[in-house]
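Sequential numbering of the sequence shown, starting at 60, is according to the working numbering.
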Amino acid sequence: MLLQKGANIDHCRGYYGYALHVACVGGYESIVDMLLDYSANAKALGKLERAGDNWYEIDSLTIACARGHKAIVRLLLDRGHQSQQL
60 MLLQKGANID HCRGYYGYAL HVACVGGYES IVDMLLDYSA NAKALGKLER AGDNWYEIDS
120 LTIACARGHK AIVRLLLDRG HQSQQL
């Protein structure tokens, strides 16, 4: 796995940005758990939500809440992650 080889877990690229954000959007609890094990930055902001022509920067916890992924919300909170946006 690339993470075991030292890949940058917080590399930001593409539509969703961070790998942790993609996992939160998709509801992939086991991937969120693994990324957190490798110290992914749950507070990193990515431009995910759009209203008209405006993009809003949101963090992983806000993404999981907005998508209704309760298990991921619990996982993030259990790991001590908080959001300034909620």
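Glycine included, C-beta positions come from ideal geometry on N, C-alpha and C.
None of these values were measured; they are calculated from a predicted model.
DSSP places G76 within a strand segment (E or B) once states are collapsed to three.
Counting only residues of its own chain and dropping the five nearest sequence neighbours on each side, K102 has a CB closer than 6 angstroms to the CB of D118.
Apart from sequence neighbours up to five positions away, the residues of its chain that approach L94 with a beta-carbon distance below 7 angstroms are I68, A78, L79 and A82, ordered along the chain. Residue burial annotation: G127 is exposed, with fewer than 16 other C-beta atoms found within 10 angstroms of its C-beta. Boundaries of the beta strand (DSSP E) around Y115: N113 to I117. With a 10 Å radius around the Cβ and a threshold of 16 neighbouring Cβ atoms, L136 comes out exposed. Measuring C-alpha to C-alpha distances from A130 to each of S89, G139 and S98 identifies S89 as the nearest.
A125 and N100 have their alpha carbons spaced roughly 19 angstroms apart.
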